[in-house]
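Peer 1: In the working numbering, the protein residues as written are 4 to 614.
Would you mind keeping the following structure in view while I ask a few things?
Structure below.
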């Protein structure tokens with residue numbers, strides 16, 4: 004056994020059980036402390052199991068705690084396979100960088116000629132076409148995804164990627180390269196680019212020409228599940244709240260979220276990314292490309308000085324727990340994972356939880372691994388005097404662009420933020436989130452109090468709009484008069500629905516709701532909005548974007564709503580206008596009608612989840 008351990012250390016690949024393979028008592032104690040911390044955190048957060056790898060210049064150590072399958076009470080092992088979700092984007096990016104190193108592609112290759120079957124609706128096409136690097140950096144201006152592309156059971160393991168795209172031109176919402184907006188669709192196009200260049204499906208190509216040379220022979224881009232014809236007995240089961248299990252299902256946008264691996268394989272990948280890009284002494288990916296990962300370059304925010312926060316070539320620059328690393332988080336059906344490399348130290352970690360719990364604090368696992376690696380916390384960048392004219396930046400800001408075009412209306416009215424200067428800090432207050440206090444960090448750069456480097460920048464766009472960017476999204480200042488009509492419309496519509504429902508119930512209880520009552524049609528239309536709920540509860544949430552009885556009924560009842568309001572208004576036209584109850588009912592129906600009209604303009608009525 005001692006000879007075997009010595010061989011493992013010599014090769015630099017160390018993973019024995021849940022502890023680093025070491026004969027030193029302090030290293031064994033450190034491994035035991037990490038394991039105890041993982042067990043306590045998993046229990047506190049209600050997670051089924053956790054598997055991890057820590058990578059240092061001395062080797063790779065892996066560990067696991069908890070269950071691989073809560074139903075069968077099978078234990079999770081450190082060589083169990085897990086799904087990584089969006090961390091696959093880092094591997095897709097590495098595949099693209101390999102093609103660039105081979106000279107078969109360039110980062111500045113326009114995408115349109117590579118994918119002639121697609122059309123882009125790009126206002127800036129003549130001067131700023133969508134480039135390969137824009138897809139890699141999430142700066143293409145593409146939408147993230149439609150609901151049916153993410154929540155669907157209609158996808159198959161072999162569905163062509165082109166069949167998973169919406170029909171018609173792909174709309175580019177801002178000048179390519181200028182702003183980051185996370186796009187699963189963009190990485191699906193990268194999968195198609197690989198297929199165009201390689202002449203075969205991206206999954207077997209990358210398995211053979213990326214994973215195997217790096218030594219990741221326990222990983223695959225191919226679809227695998229816990230059950231059925233694509234079953235892999237080593238793949239852990241996914242879990243949700245209360246230990247509910249969920250097997251893996253095929254994805255429409257699989258280059259953006261489909262990948263199965265082990266902790267040790269991700270350790271090998273981390274070591275490769277932090278190396279010189281060579282395999283067996285031969286260049287595999289140019290070292291300059293590896294060093295550029297995690298570094299935003301083309302965005303307006305980066306050009307304005309925000310270089311330590313953003314996305315570049317498949318990795319985020321992530322400032323957490325006092326250290327800065329290049330990371331990627333991933334979430335998929337029943338799994339949550341994080342992958343971080345710290346190239347300056349030669350250290351990295353990978354952690355995957357086979358449980359996707361909405362309320363869980365996953366950051367605590369990252370903190371445990373950073374402490375285990377012994378990465379020293381960086382000193383925060385010094386504060387500075389605020390720039391002159393900072394008071395002009397007060398006001399209301401909206402996401403520009405919003406992440407999901409299908410629900411741009413909801414982003415506009417619910418994901419806005421207000422900004423004010425309190426004399427010492429810039430207060431960024433999202434409507435749906437905690438206020439961020441931003442300290443001046445020199446020029447127009449600002450630093451959140453829990454960050455070590457500048458996290459936000461203020462700049463003016465080409466069309467003279469004030470922008471606050473944090474490296475991952477951009478907020479654009481809008482006049483209050485542009486927002487007030489939307490807010491008032493929303494309030495009038497919601498209050499109108501509530502009033503019609505309440506008054507209808509009261510009249511029904513008093514047996515005063517008759518067929519001749521003008522309120523009847525409006526009341527029944529509001530009640531009908533609740534009819535799809537039992538059907539949705541009776542189906543998998545993964546069918547949310549499919550055409551099902553639930554989604555078809557939802558489209559029907561939302562489509563009927565304006566006609567019911569018009570009918571109610573017509574029936575009430577012969578009633579006494581001096582009657583206060585009649586006036587209130589008319590106002591309520593008018594409030595709902597105008598709101599439905601606004602929703603129709605934004606494409607939300609009738610609400611068709613499958614388009």
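Note that CB positions come from ideal geometry on N, CA and C, so glycine has one too.
Could you tell me how far apart the beta carbons of residue 429 and residue 447 are, in whole angstroms, since I believe they sit closer than 8 angstroms?
Peer 2: Contact doesn't hold; Cβ gap of about 10 angstroms is too wide.
Peer 1: So residue 369 is in the beta strand (DSSP E); what residue range does that whole segment cover?
Peer 2: Note, residue 369: premise wrong, no beta strand (DSSP E); alpha helix (DSSP H) at 366-376.
Peer 1: Mind checking whether residue 553 and residue 535 have CB atoms under 8 angstroms apart?
Peer 2: Yes. Within cutoff.
Peer 1: So, for residue 93: in the same chain, excluding its five sequence neighbours on each side, which residues have a beta-carbon less than 7 angstroms away from its beta-carbon?
Peer 2: Only 317, 318, 331 and 342 meet the Cβ criterion.
Peer 1: Taking 8 angstroms as the threshold (C-beta atoms), are residue 399 and residue 481 in contact?
Peer 2: It is a contact, given that the beta carbons lie within the stated cut-off.
Peer 1: Rounded to the nearest angstrom, what separates residue 607 and residue 49 at their Cα positions?
Peer 2: Approximately 36 angstroms between the Cα atoms of the pair.
Peer 1: Given this structure, state the Cα-to-Cα distance separating residue 591 from residue 157, to the nearest angstrom.
Peer 2: Approximately 40 angstroms between the Cα atoms of the pair.
Peer 1: Is residue 242 closer than 8 angstroms to residue 51 when the C-beta atoms are compared?
Peer 2: Yes.
Peer 1: Just to confirm the assignment: which complete alpha helix (DSSP H) runs, minimum length 4, are found wholly within the segment 266-316?
Peer 2: Taking only runs of at least 4 residues, the alpha helix (DSSP H) segments lying wholly in the segment 266-316 are 266-276, 290-295 and 303-306.
Peer 1: Where DSSP assigns a beta bridge to residue 480, which residues make up the other side?
Peer 2: In DSSP, residue 480 forms a bridge with 400.
Peer 1: Tell me which residues share the same chain as residue 100 and place their Cβ nearer than 6 angstroms to its Cβ, disregarding the 5 neighbours each side in the sequence.
Peer 2: For residue 100, where only same-chain residues beyond five positions count, the Cβ hits under 6 angstroms are 288 and 292.
Peer 1: Could you have a look at residue 511 and say whether DSSP puts it in helix, strand or coil?
Peer 2: It is helical.
Peer 1: Note the first and the last residue of the continuous beta strand (DSSP E) segment covering residue 356.
Peer 2: Element bounds for residue 356: 350-356.
Peer 1: Measure the C-alpha to C-alpha separation of residue 253 and residue 502 and round it to an integer number of angstroms.
Peer 2: Roughly 44 angstroms separates the two Cα atoms.
Peer 1: Please go through the segment 138-165 and give each complete alpha helix (DSSP H) segment of 4 or more residues, from N-terminal end onward.
Peer 2: Segments of the alpha helix (DSSP H) lying fully in the segment 138-165: 150-153.
Peer 1: Report all residues from its chain with a CB closer than 6 angstroms to the CB of residue 375; omit the five preceding and five following residues, and keep chain order.
Peer 2: Excluding residues within five positions, the ones whose Cβ falls inside 6 angstroms are 37 and 57.
Peer 1: Tell whether a beta-carbon distance below 8 angstroms holds between residue 510 and residue 402.
Peer 2: No. Outside cutoff.
Peer 1: Could you spell out the range, first to last residue, of the beta strand (DSSP E) harbouring residue 517?
Peer 2: Residue 517 -> no beta strand (DSSP E), and no H or E assigned at all.
Peer 1: Measure the CB-CB distance between residue 191 and residue 139 and report whether it falls below 8 angstroms.
Peer 2: Not in contact: residue 191 and residue 139 (Cβ atoms no closer than 8 angstroms).
Peer 1: Give the range of the alpha helix (DSSP H) segment to which residue 414 is assigned.
Peer 2: Its alpha helix (DSSP H) spans residues 411-417.
Peer 1: Hey, would you say residue 524 sits closer than 8 angstroms to residue 567, going by beta carbons?
Peer 2: Against a cut-off of 8 angstroms, the Cβ pair of residue 567 and residue 524 comes out as a contact.
Peer 1: Quick one: grab the DSSP three-state call for residue 338.
Peer 2: Reduced to three states, the DSSP call for residue 338 is strand.
Peer 1: Give me the Cα-Cα distance between residue 134 and residue 487, rounded to the nearest whole angstrom.
Peer 2: Between residue 134 and residue 487, the C-alpha separation is close to 38 angstroms.
Peer 1: Would residue 189 pass as a contact of residue 312 if the rule is Cβ separation under 8 angstroms?
Peer 2: Result no, Cβ atoms of residue 189 and residue 312 do not sit closer than 8 angstroms.
Peer 1: Is residue 187 closer than 8 angstroms to residue 144 when the C-beta atoms are compared?
Peer 2: Not a contact, by the Cβ cut-off of 8 angstroms.
Peer 1: What's the C-alpha gap between residue 506 and residue 417?
Peer 2: Rounded to the nearest angstrom, the two C-alpha atoms are 28 angstroms apart.
Peer 1: Can you check which of these residues, 479, 466, 383 and 378, is closest to residue 420 by C-alpha distance?
Peer 2: For residue 420, the nearest C-alpha among the options comes from 479.
Peer 1: Quick one: Cα of residue 264 to Cα of residue 222, how far?
Peer 2: Roughly 4 angstroms between the two C-alpha positions.
Peer 1: What does DSSP give as the partner residues of residue 320 in its beta bridges?
Peer 2: According to DSSP, which records beta bridges pairwise, residue 320 is partnered with 313 and 329.
Peer 1: Kindly provide the ranges of any beta strand (DSSP E) runs that are 3 or more residues long and lie completely inside the segment 26-91, ordered along the chain.
Peer 2: Those beta strand (DSSP E) runs which fall completely within the segment 26-91 and span 3+ residues are 52-59 and 62-72.
Peer 1: Can you tell which of 329, 359 and 597 has the C-alpha that lies nearest to the C-alpha of residue 348?
Peer 2: Nearest of 329, 359 and 597 to residue 348, Cα basis: 329.
Peer 1: So what's residue 439 in DSSP terms, helix, strand or just coil?
Peer 2: Three-state result, residue 439: strand.
Peer 1: Between residue 52 and the ligand GDP, is the CB less than 7 angstroms from at least one heavy atom?
Peer 2: Inclusion of the ligand GDP in the displayed structure is not the case, the ligand content being empty and no account of it being possible.
Peer 1: Can you tell me where the beta strand (DSSP E) with residue 424 in it begins and where it stops?
Peer 2: Looking at the DSSP string, the run of the beta strand (DSSP E) that includes residue 424 is 420-424.
Peer 1: Among 408, 63 and 518, which has the Cα closest to the Cα of residue 173?
Peer 2: Ranking 408, 63 and 518 by Cα distance to residue 173 puts 408 first.
Peer 1: Considering only DSSP beta bridges, list what residue 451 is partnered with.
Peer 2: DSSP output for residue 451 lists 441 as bridge partner(s).
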